[in-house]
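*Asks:* Got a structure for you, questions after.
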Amino acid sequence: VVESTFFPGLVLDEVYEKFHNTCSAKNLTLSKHLPYLVDGFQIKADRALLVKVLSHLVDNAIKFTPYGHVSFGFELRGSELEFFVQDTGVGINKDAFVLIFDSFEQEDVSNTRSHEGSGLGLSIAKTMTEKMGGHIWFQSVKGEGSTFYFTIPCNLH
């Protein structure tokens, strides 16, 4: 973990720019949400790991969302920043909940599924989140979408 001081809002800008064209090509709406009054708000954390975790989660949300929207952002929750990535995608079956963060596990591994990927994204996101001292979890309803959350300690500057 290599910590530096940065504006977390700029991380959201970077991730938004990275995925905006992909969403446009799929006719998906991409939006970012910052908490009220974040001007001048800096944290000390591993910026590169934060970008990677958000990128993995946004990329997954786009992959599994055939129509609607993907949104992401963060809130200050006590001594932590709580990030979220929400989509109106295919959702996750309750039976797959316990496996979703395991390496190489995907809900539908049949040859006919329409989503590409190695099955490592969520496992990598979990590992990186834990390296930063946070944790990751999700809520999902099959056919309605998912929201992934993760926290990192909020070392304010």
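Residue numbers (this note's numbering): 122 to 278.
Glycine residues also receive a C-beta, built at the ideal position from the N, C-alpha and C atoms.
1) Who are the near neighbours of Glu124 in its chain, counting only those whose CB is closer than 7 Å to its CB and skipping five residues on each side?
2) When we look at the beta-carbon of Arg234 and count the other beta-carbons within 10 Å, is it buried (16 or more) or exposed?
3) For Ser205, which beta-bridge partners are listed by DSSP?
4) Should Gly210 go down as buried or exposed, given a rule of 16 or more other Cβ atoms within 10 Å for buried?
5) Which word fits Asp180, buried or exposed, when buried means at least 16 other C-beta atoms lie within 10 angstroms of its C-beta?
6) Cutting at 6 Å between CB atoms, please list the residues of its own chain near Val206, excluding the five before and the five after it.
7) Out of curiosity, what's the CA-to-CA distance linking Leu149 and Ser261?
8) Of the residues Phe185, Ile213, His141, Leu175, which one's Cα is nearest the Cα of Glu203?
9) Hey, quick one: how far does the alpha helix (DSSP H) through Thr186 stretch, first residue to last?
10) Counting only the same chain and skipping the five closest in sequence on each side, list residues whose C-beta sits under 8 Å from that of Ala146.
11) Can you tell which of Asp223, Gly199, Lys252, Ile221 has the C-alpha that lies nearest to the C-alpha of Asn276?
12) Please identify the residue among Asp134, Leu171, Ala217, Ile245 whose C-alpha is closest to the C-alpha of Lys263.
13) Assign His177 to one of three DSSP states: helix, strand, or coil.
14) So, is Pro129 buried or exposed, given that buried needs 16 or more other C-beta atoms within 10 angstroms?
*Replies:* Considering the structure as presented:
1) Lys165, Ala166, Asp167
2) Since pLDDT at Arg234 reaches only 42, below the 50 mark, its modelled position is unreliable, and no value is offered.
3) Here the sequence assigns Phe to residue 205, which means Ser is not the residue at that position. Looking at the DSSP assignment, Phe205 forms a beta bridge with Gly194, Tyr270.
4) In this structure Gly210 is buried. Its beta-carbon is surrounded by 16 or more other beta-carbon atoms within 10 angstroms.
5) When all chains shown are included, Asp180 counts as buried.
6) Leu178, Val179, Ala182, Phe193, Phe269
7) So the two alpha carbons sit approximately 19 Å from each other.
8) Glu203 has its Cα closest to that of Leu175, out of Phe185, Ile213, His141, Leu175.
9) Counting along the chain, Thr186 falls outside any alpha helix (DSSP H), and DSSP gives it neither H nor E.
10) none
11) Gly199
12) Ala217
13) helix
14) buried
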